[in-house]
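Each remark here refers to the structure printed beneath this line.
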Amino acid sequence: MPLLDLIEDDTDLHWGNNKNELNAAYAADGYARVRRAGAVVTTFGVGELSTINGIAGPYPELLPVIHIVGPPRTTSQNSGTLLHHTLGNGDFDSFRKMSITVTVASASLSFSNAILEIDRVFQTAITKKRPGYIEIPIDLQVRASNNPAIIVDGRISRYHLESKVNELVKASGFSTFSAPIGKGIIDESLSNYRGVYVGNVTLDGVAKEIENADLLIEIGSIKSDPTPIDNSTTELTHNYLWNKLPEFIKPNSIIALETGTAAFGAFNTKSPKGATFISQLFWGSIGYSVGVAVGAAMADRGRKVYLFVGDGSFQLTVQEISVFIRQGLTPVIFLLNNDGYLMEKLIHGPERSYNNFQMWKYSQTLDYFGGNLEVNKTEGKKPTPIGVGEKVSTRQEFEIAMEKIDKEPNKIHFLEVVMPEFDSPRELSLMVTALNLTNSMPSNQR
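For the sequence shown, UniProt numbering assigns the number 1 to the initial residue and increments by one for each residue that follows.
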């Protein structure tokens, strides 16, 4: 997304803002036919694989379309770190290799080769009239940490790693703190040991040092104490939603969770007895949850399916709602509407237009996809009974709607849940904070 900032801020460029990567590649194809060259920008792995069909087309059609990909930082690639959007095998070159067969030139940029490689790929693609491929890792621009800190927690003692952690603390010289359960693990005679960090009851001096740290390394952390419901507002916040939902979700249900707020919000939700949770945190292909919920519902029609999907992800795979209806499936679908790609906004560019998209009348989805059309009830199949299709924006409205849904278990229901634009689950906020701290570090300190 820092690359998208450059695109959006350039007055000579206009961000296309396509709905998915394949469509973006098609658009770049069309642009190249009119302007002699085109370009498409996607994320690594999951994004570029969705693009490759649209890049293959320009190859025999003799069109120079440049596919620009944003992979993880070079240090993660070099160490084979297991990250989302990868195949989980530590090989970060898999997708570039796939692109080789449909491009005439490809490059993975580094500090030392960027200028020469960009010129080479562009020159080759344009002279040979074929697609090209360029990877721009996120850490080509970094800044140094001035105040790093370490917090040590109780898992260290559970795995008997006390001596290793003390060696790290000595060697780093970083200011080091203990969490309450980690008390006693670090040799407190070390000059860089600073004290115990206990949230809002921490000693003022210790709290100030933690707050001033621009890099925070947690080692052996033990997360506990889910946040209780905040009753100071009537808004439909994530804090309220994920605490309230267990009252309505049936035992032995299947819960499909979209990448982003839904998956993170469910981390500390009380799990109904016998429930199966489905999410794709590792690969992280947005829109996944809608299709996977269809498959899960068909796999076991005796279990209730609950689908939680954000408005951005929903726009990629909305067509599958038609399949739910046609196949006689009766899930409860929760559309979490926070008006944009919230996870991306939290990571970078909260006010950027590339993190927004067209608002839809989501609560009318079942009707739009023909749930009430007579023609769809005359094909010899038992029609899917249509239940609640509503838009709710307060806690009272949500609970009234859920009571209706609870009384009609054999119908398909669609509930548009309007949430504050930047409200997110505590777990996602913590993850984003850690991610942003890591991304701001110099590569030799990650």
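Don't be surprised by glycine CBs; every beta carbon is placed ideally from N, CA and C. Note that the structure is a prediction, hence the values are computed from the model and not measured.
Apart from the 5 residues on each side of it in sequence, glycine 284 sits with its Cβ closer than 7 Å to the Cβ of Val46, His84, His85 and Thr259 in its chain, given in chain order.
Between valine 69 and threonine 42, the C-beta gap is smaller than 7 Å, which places the two residues in contact.
Short of 7 Å from the beta carbon of proline 272, and not among the five residues preceding or following it, lie these beta carbons of its own chain, in chain order: Pro246, Ile249, Lys250, Pro251 and Ser253.
Exposed is the label assigned to asparagine 231, since fewer than 16 other Cβ atoms lie within 10 Å of its Cβ. At the C-beta level, threonine 269 and tryptophan 242 come within 7 Å of one another. Residues His238, Thr261, Leu342 and Leu346 of the same chain have their beta carbon placed closer than 7 Å to that of serine 424, with the five preceding and five following residues left out of the count. Across the set Phe177, Gly310, Asp300 and Leu82, the C-alpha of Gly310 shows the shortest separation from the C-alpha of tyrosine 288. As computed with DSSP, histidine 67 is found in a beta bridge with Val40 and Tyr133. Listed in chain order, the non-local C-beta contacts of asparagine 192 below 6 Å within the same chain comprise Gly173, Ser175 and Thr176, local neighbours out to five positions each way being set aside. In the three-state scheme derived from DSSP, where H, G and I count as helix and E and B as strand, glycine 47 is classed as helix. According to the DSSP assignment, phenylalanine 92 belongs to no alpha helix (DSSP H), since it is labelled neither H nor E. Nearest neighbour of alanine 293 by Cα position, chosen from Ile255, Ala266, Ser322 and Phe282, turns out to be Ile255. For phenylalanine 398, the enclosing alpha helix (DSSP H) covers residues 395 to 407. Burial is judged here by how many other beta carbons sit within 10 angstroms of a residue's own beta carbon; histidine 413 has at least 16 and is buried.
Annotation: the continuous beta strand (DSSP E) that includes glutamate 416 extends over 412 to 418. Less than 7 Å separates the beta-carbon of valine 332 from that of isoleucine 405.
Counting along the chain, the unbroken alpha helix (DSSP H) around lysine 208 starts and ends at 204 to 212.
Of Ala149, Glu235, Asp119 and Glu351, the smallest CA-CA separation from leucine 4 is found for Glu351.
Within its own chain, the residues whose Cβ lies closer than 8 Å to the Cβ of threonine 51, once the five positions on either side in sequence are excluded, are Glu21, Leu22, Ala24, Ala25, Val40, Thr42 and His67, listed in chain order.
Listed in chain order, the non-local C-beta contacts of serine 99 below 8 Å within the same chain comprise Glu48, Ile52, Ile55, His67, Ser106 and Tyr133, local neighbours out to five positions each way being set aside. Annotation for phenylalanine 314: the continuous alpha helix (DSSP H) segment containing it runs 311 to 317.
Straight through space, the alpha carbons of arginine 96 and arginine 326 are spaced by roughly 39 Å. Between leucine 329 and alanine 297, the CB-CB gap stays under 7 Å. Non-local beta-carbon contacts of proline 58 in its own chain, meaning distances under 7 Å to residues more than five positions away in sequence, involve Asp29, Ala32, Val65 and Pro131 in chain order.
The C-beta of proline 60 has fewer than 16 other C-beta atoms within 10 Å across all chains shown, which makes the residue exposed. If you draw a straight line from the Cα of methionine 419 to the Cα of asparagine 338, it is about 5 Å long.
Closest by C-alpha distance to glutamine 315, out of Arg301, Ile286 and Ala207, is Ile286. Taking C-beta separations shorter than 8 Å and ignoring five residues to either side along the sequence, the partners of phenylalanine 369 in its chain run Ile321, Ser322 and Ile325, following chain order.
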